[in-house]
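First residue of the first sequence? That's 1 in this note's numbering, and the numbers climb one at a time after it.
Just so it is clear, CB atoms sit at the ideal spot from N, CA and C, and this is done for glycine as well.
Just so we're clear, the structure is a prediction, and the values are computed from it rather than from any experiment.
Only one structure is covered here, and it is reproduced in the block below.
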Amino acid sequence: MLDIKNLRDNFKDIQISLKKRGYDLNEASFKSLDDYRKELQIEVENLQAERKKLSSEFGKLKASGEETSDLKKVIDKKNSDLEKKDSELQEVLKNLNNLLLDMPNIPHDSVPEGSSEEDNKIISKHGEIISTNTLDHLEITKKIDTELAAKLSGSRFAVLEGDLAKLQRSLITFMLDCAIQNGYKEYYVPFMANEESLTGTGQLPKFEEDLFKTSDKLYLIPTAEVPLTNLFRNEFLNEEDLPIKVTSHTPCFRSEAGSYGKDTRGLIRQHQFEKIELVQITHPDDSMDCLENLLKNACEILDKLELPYQIIELCTGDLGFSSAKTFDIEVWMPSQNKYREISSCSNFTDFQARRSNIKFKSKEGNSFVHTINGSGLAVGRCLIALIENNFDGKDTINIPNCLEQYFGSNKIKIS
RNA sequence: GGAGAGUUGGCUGAGUGGUCGAAAGCGCCUCCCUGCUAAGGAGGUAACUGGGCAACUGGUUCGAGGGUUCGAAUCCCUCACUCUCCGCCA
Numbered sequence: 001m002l003d004i005k006n007l008r009d010n011f012k013d014i015q016i017s018l019k020k021r022g023y024d025l026n027e028a029s030f031k032s033l034d035d036y037r038k039e040l041q042i043e044v045e046n047l048q049a050e051r052k053k054l055s056s057e058f059g060k061l062k063a064s065g066e067e068t069s070d071l072k073k074v075i076d077k078k079n080s081d082l083e084k085k086d087s088e089l090q091e092v093l094k095n096l097n098n099l100l101l102d103m104p105n106i107p108h109d110s111v112p113e114g115s116s117e118e119d120n121k122i123i124s125k126h127g128e129i130i131s132t133n134t135l136d137h138l139e140i141t142k143k144i145d146t147e148l149a150a151k152l153s154g155s156r157f158a159v160l161e162g163d164l165a166k167l168q169r170s171l172i173t174f175m176l177d178c179a180i181q182n183g184y185k186e187y188y189v190p191f192m193a194n195e196e197s198l199t200g201t202g203q204l205p206k207f208e209e210d211l212f213k214t215s216d217k218l219y220l221i222p223t224a225e226v227p228l229t230n231l232f233r234n235e236f237l238n239e240e241d242l243p244i245k246v247t248s249h250t251p252c253f254r255s256e257a258g259s260y261g262k263d264t265r266g267l268i269r270q271h272q273f274e275k276i277e278l279v280q281i282t283h284p285d286d287s288m289d290c291l292e293n294l295l296k297n298a299c300e301i302l303d304k305l306e307l308p309y310q311i312i313e314l315c316t317g318d319l320g321f322s323s324a325k326t327f328d329i330e331v332w333m334p335s336q337n338k339y340r341e342i343s344s345c346s347n348f349t350d351f352q353a354r355r356s357n358i359k360f361k362s363k364e365g366n367s368f369v370h371t372i373n374g375s376g377l378a379v380g381r382c383l384i385a386l387i388e389n390n391f392d393g394k395d396t397i398n399i400p401n402c403l404e405q406y407f408g409s410n411k412i413k414i415s
């Protein structure tokens, strides 16, 4: 959520910034709504002040046993005026709030301008592409069963068997241990969240169709970002405790509405996948440094797994709704002969903090924190990358050194 | 699922119809005292929001939403959540 005061004061600048990411902010509709709000609010507050005075007079008359019926008539009239104006005001405030909830974050000045994915900027490439393998993960190992999953649940689910299930579990533990070593506190959190939480992180109200909703009005979490960030919703934090770094492994659930026909094969795009999420709650002055730090923490995992990857900076047009600046990490997928996203590290500035009311006290007064998050990493996609990059072309998937102690072997034999 | 008790400021916790945005304590800030530390003393300290260049000055908020009333933290209703006991249960 944007700061409405900032919006009033710097309308043109914000309008131009939002335009860069493809959001058209209509000046007339905002101004007229806000002007009307101002007019009504002044009227309502004046009426409230008058009513307050009259009521206390009424109390005094009553106490001294004097006649009150004349005054009551005056107050009744005041009250009915107030009621009418106030309901108008509430309506206007609701519309204004809906407009604000619908507006995306302002891109940071440093974000490259562009209209789509095409304009994203490659920041750096890491590791060496050595695999010449063209088989995809489903062809390499028969231990990923999508037909069985279809029987259980439907499309976009998978069953992992034996070694593959264990390899996934090894990756999860390995990644969590990396996060803990980097100073993140591990949390175990609910996998369902309420409407307030999802509004806080920006998934609602705009993106409800991307979520699975239960009959109890709870939503399955699309990422651990939701529970982890909302741990701090409506909290006042101590300035000296910032940045707070937290992590959790959770399954993530996404309806993938609107992605029909896209990535239909294999593990790449599933309704349910495992992910380790890194979240930092930071001081506004440090948030860009913290983003760099978090990005480094995520990259370190691919370095250790010896998987080739590149870092991309998203352009204004490709930025997520809540994000002011985003780096994507893309891992090399031999069968697709291209890099695919495995983590998205973003600085949301005060956008989520405003929605979630996360603040800290400082000498200069109370301010909203900045929130940062990113995957560290998406486990399902990491599993694919590992299988495809480390397949020897015959009958073996090699397990990198860092995983051996978790997996208990340095290779998987394909039967 | 049954019975009961709760939800008040950064925290703990008083407050059953107007003088309550709210006692007291903790924490925090300023000052005094003190050789240092500790202790002690005086004062200050809720959030959000409107108007105003400002000084300043309005309004809202006591879990949420309704209701009663001239007037609600306080009375009534509905809902959410927390805790205790019972039942069930991984």
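**Item:** Given Lys363 as reference, the closest of Glu239, Pro284 and Glu66 once Cα atoms are compared
**Value:** Lys363 has its Cα closest to that of Glu239, out of Glu239, Pro284 and Glu66.
What residue from Met288, Arg37, Ser17 and Asp263 has the CA that sits closest to Ser346's CA?
-> The candidate whose alpha carbon is nearest that of Ser346 is Met288.
Checklist entry - In this structure, what does DSSP give as the bridge partners for Tyr219? => result DSSP output for Tyr219 lists Ala193 and Lys213 as bridge partner(s).
> Closest by CA to Pro227, which one among Ile122, Gly258 and Glu195?
Replying inline: For Pro227, the closest alpha carbon among the candidates Ile122, Gly258 and Glu195 is that of Glu195.
query: Leaving out five residues before and five after Ile129 in sequence, what residues of the same chain have Cβ atoms less than 6 Å from its Cβ?
result: Cβ neighbours of Ile129 beyond the five flanking positions: Pro308 and Trp332.
message = Report the CB separation of Leu220 from Met192 in whole angstroms; it is logged as a contact under 8 Å.
response = With a beta-carbon spacing of about 6 Å, Leu220 and Met192 fall inside the 8 Å limit used to define contacts.
Problem set entry | Complete runs of the beta strand (DSSP E) confined to the region 335-381 [at least 3 residues] | Listed in chain order, the beta strand (DSSP E) runs fully inside the region 335-381 are 338-347, 359-362, 365-368 and 370-378, counting runs of at least 3 residues.
- request: Determine the direct distance from the alpha carbon of Lys125 to that of Cys486, and round the result to whole angstroms.
  value: For the chain, the structure presents residues 1 to 415; residue 486 sits outside this window and is missing.
Near Leu18, what residues of its chain come up, given a Cβ to Cβ distance below 6 Å and the 5 sequence neighbours on each side ignored?
So the list reads Leu25, once near-sequence residues are dropped.
- Task: Given a cut-off of 8 Å, decide if Ser116 and Asp318 are closer than it, judged by their beta-carbon atoms.
- Result: It is a contact, given that the beta carbons lie within the stated cut-off.
Item checked: Three CB pairs or more closer than 8 Å across the region 337-357 and the region 290-299 -> For the pair of segments examined, the region 337-357 was found to touch the region 290-299: the number of CB pairs separated by less than 8 Å reaches three.
**Asked** Whose C-beta lies closer than 8 Å to the C-beta of Gly261 among residues of the same chain, with five residues either side of it excluded?
**Response** Within the same chain, Gly261 has no close Cβ partners at all.
message = Please report the straight-line C-alpha distance between Asp328 and Leu135, rounded to a whole angstrom.
response = One C-alpha to the other measures close to 25 Å.
- Find the nearest neighbour of Glu277 within the set Gln41, Phe11, Pro243 and His249, judged by alpha-carbon distance. For the residues Gln41, Phe11, Pro243 and His249, the minimum Cα distance to Glu277 belongs to His249.
Subject >> Asp328, enclosing beta strand (DSSP E) - first and last residue >> reply: Its beta strand (DSSP E) spans residues Lys325 to Met333.
Inset, instruction - Check the C-beta distance from Gln352 over to Thr201 and give it rounded, since I have them as a contact under 8 Å. - result: Going by Cβ atoms, the distance from Gln352 to Thr201 rounds to 5 Å, so yes, they are a contact pair.
Contacting residues, own chain, Cβ-Cβ under 7 Å from Glu256 (five flanking each side not counted): Closer than 7 Å at the Cβ level, and outside the excluded window around Glu256, lie Arg156, Arg269 and His271.
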